[in-house]
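See below for the structure under consideration.
There are 2 protein chains.
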Amino acid sequence: MARKKQYIEQEVLEKAMSLFWRNGYENTSVRMLEKEMGINQFSIYASFGSKQGVFLESINTYKKKIHSITHKLEKTQNGVAGIKQYFYDFLEFSEENNVCKGCLITNTVNELGQNADPMLMTELTKFANDIKQLFKKNLKQDSKKDMETIESESNYLMTSILGISVASKIFNKKQLEDAIETAFKNL
Amino acid sequence: MARKKQYIEQEVLEKAMSLFWRNGYENTSVRMLEKEMGINQFSIYASFGSKQGVFLESINTYKKKIHSITHKLEKTQNGVAGIKQYFYDFLEFSEENNVCKGCLITNTVNELGQNADPMLMTELTKFANDIKQLFKKNLKQDSKKDMETIESESNYLMTSILGISVASKIFNKKQLEDAIETAFKNL
DNA sequence: CACAATACTAAGCAATTGCTTAGCTTAATA
DNA sequence: TATTAAGCTAAGCAATTGCTTAGTATTGTG
């Protein structure tokens, strides 16, 4: 009985995600979203309710996108080597047109910090924690580390990947590889 | 012959810096600066020219403030141990009311990225490079590392401190200590 | 005291923000 | 083919943005 949507929500979300990823939440206006997504503001609000709504769905889209490499990590059986590979995979993942955008989740945590909507913040820290659990799983595969060591090293790995995410915006490839190689020397 | 300023520029800059540090550049409006600095917009523009001008001076104020710990690092003769101490000093430095604000420079790089004013970006990367040089200096004190190793390890240390800076916003003290302790095990 | 140079107050500027709405097209069903 | 529920266009909303300006207050000097 009714007219059909002239866009596919997942498709325009990909574009919205890309824009948020490049510019951050506050530096992305609804007008910019209009242009990037190629649809009118009315359609944006009809589909996603608010700018925050678009952002939340963009986060979900990001999660799906990064799932290819988190899934790979989830399936590895080779301990620390698998985690190291994840670091390299992440770098490749975050690169676009030779420009590193870091991690959308990390960027957002860093931008909004404690000013962020609590629900959003919960969502973001949950993601971070899931990654940490994957690190732990792989660390356990590596022989005789005790619980305490595994906890410490997973915290270390989390700050390392956060560091890589930020550094990727100003460091060149060689410097990032230096960082990764050295980071894994003592694990 | 003329009326006197009713505020001290360095004093109001301290307050501006604190606000930018907490909220980032874009999330800080001139009205917010007015309130925090306790002076009228006219005075802000008379003293600093623009919002960006206030920010640039805030960065300088930040540098002066952090100089107490970079200076300490500059003077240390105890190699890696001195760098590790710097990490702990930084954590203490970035804490305010039990809330970690990270590093103003790192936050800004992360927020503005390649969208930033080139002059500002140059300023920020220069600061990062100065820290890296201090790391190198201390690494050289530690015996028989070759040039290549020192370069690699200084890149590693830079990403580590960046990671600590970001992680400090979501990790608790124990987790951050885990990260630092593990980070220095292989140096 | 009067002058002149600067600072302060507060109102107001155009532009942009997130969001809404009135009026139209579109398309599947009866 | 007429109806009707939904989507689209584009104009417009109040609030906020960075910044300016007109008018007034304060000061040291002649």
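Those protein sequence lines, which keep their order, are chains B and G. Residue numbering for the first sequence follows this note's numbering, beginning at 1 and increasing consecutively. Residue numbering for the second sequence follows this note's numbering, beginning at 1001 and increasing consecutively. C-beta atoms are modelled at their ideal positions from N, C-alpha and C, and glycine is treated no differently.
Cβ-heavy atom distance, residue i to the ligand GDP, below 7 Å
i, result
"Lys1174(G)", "Ligands displayed in this structure: none; no statement on the ligand GDP is therefore possible."
Residue environment, residue i, which counts as buried when at least 16 other CB atoms sit within 10 Å
i, result
"Ala1183(G)", "buried"
"Ala179(B)", "buried"
"Ala1002(G)", "exposed"
"Ser154(B)", "buried"
"Glu96(B)", "exposed"
"Met1147(G)", "exposed"
"Glu36(B)", "buried"
"Val30(B)", "exposed"
"Asn110(B)", "buried"
"Ser242(B)", "Limits of chain B in this structure are 1 at one end and 187 at the other, which puts residue 242(B) out of reach."
"Phe90(B)", "buried"
"Thr122(B)", "exposed"
"Gly38(B)", "exposed"
"Ser68(B)", "exposed"
"Ser94(B)", "buried"
"Ser1143(G)", "exposed"
Residue i, enclosing alpha helix (DSSP H) - first and last residue
i, result
"Asp89(B)", "Gly79 to Phe93"
"Glu153(B)", "Met147 to Ala167"
"Gln41(B)", "Gln41 to Phe48"
"Ala116(B)", "First-last for Ala116(B): undefined, no H or E at that position."
"Asn1172(G)", "Unbroken run through Asn1172(G): none, as it is neither H nor E."
"Leu1033(G)", "Val1030 to Met1037"
"Tyr62(B)", "Lys51 to Lys75"
Closest residue to residue i among the options (Cα-Cα distance)
i, options, result
"Lys1136(G)", "Glu1151(G), Asp1146(G) and Thr1125(G)", "Glu1151(G)"
"Ile59(B)", "Thr125(B), Val30(B), Ile8(B) and Val80(B)", "Thr125(B)"
"Tyr88(B)", "Asn40(B), Thr70(B), Leu104(B) and Ile105(B)", "Thr70(B)"
"Lys65(B)", "Lys75(B), Glu92(B) and Tyr45(B)", "Glu92(B)"
"Glu1026(G)", "Ile1039(G), Tyr1007(G), Tyr1062(G) and Val1054(G)", "Val1054(G)"
"Val1099(G)", "Gln1010(G), Leu1187(G) and Ser1168(G)", "Ser1168(G)"
"Leu1157(G)", "Glu1009(G), Ala1128(G) and Ala1116(G)", "Ala1128(G)"
"Gln141(B)", "Asn78(B), Ala16(B) and Ser94(B)", "Asn78(B)"
"Lys134(B)", "Lys72(B), Lys174(B) and Asp117(B)", "Before going further, note that residue 134(B) is Leu rather than Lys in the sequence given. The candidate whose alpha carbon is nearest that of Leu134(B) is Lys72(B)."
"Thr1149(G)", "Gln175(B), Thr28(B) and Gly163(B)", "Gln175(B)"
"Pro118(B)", "Leu1187(G), Lys1145(G), Ile1170(G) and Ser1047(G)", "Ile1170(G)"
"Phe1042(G)", "Tyr1007(G), Thr1028(G), Thr1076(G) and His1067(G)", "Tyr1007(G)"
"Glu1181(G)", "Glu1034(G), Val1080(G), Lys1015(G) and Glu1074(G)", "Val1080(G)"
"Lys145(B)", "Asn186(B), Ile161(B) and Thr159(B)", "Asn186(B)"
"Lys75(B)", "Lys4(B), Lys5(B), Asn40(B) and Ile131(B)", "Ile131(B)"
"Asn115(B)", "Lys1015(G), Asn1115(G), Thr1028(G) and Gln1085(G)", "Thr1028(G)"
Local conformation of residue i per DSSP, three classes
i, result
"Glu1096(G)", "strand"
"Lys137(B)", "helix"
"Ser1018(G)", "helix"
"Glu26(B)", "coil"
"Leu1187(G)", "coil"
"Gln1006(G)", "coil"
"Lys144(B)", "coil"
"Lys1101(G)", "coil"
"Met1001(G)", "coil"
Beta-carbon proximity check, residue i vs residue j, cutoff 8 Å
i, j, result
"Glu1057(G)", "Leu1013(G)", "yes"
"Leu1120(G)", "Phe1020(G)", "no"
"Met17(B)", "Tyr62(B)", "yes"
"Gly1024(G)", "Asn1138(G)", "no"
"Ser1165(G)", "Gly1082(G)", "no"
"Ser47(B)", "Glu11(B)", "no"
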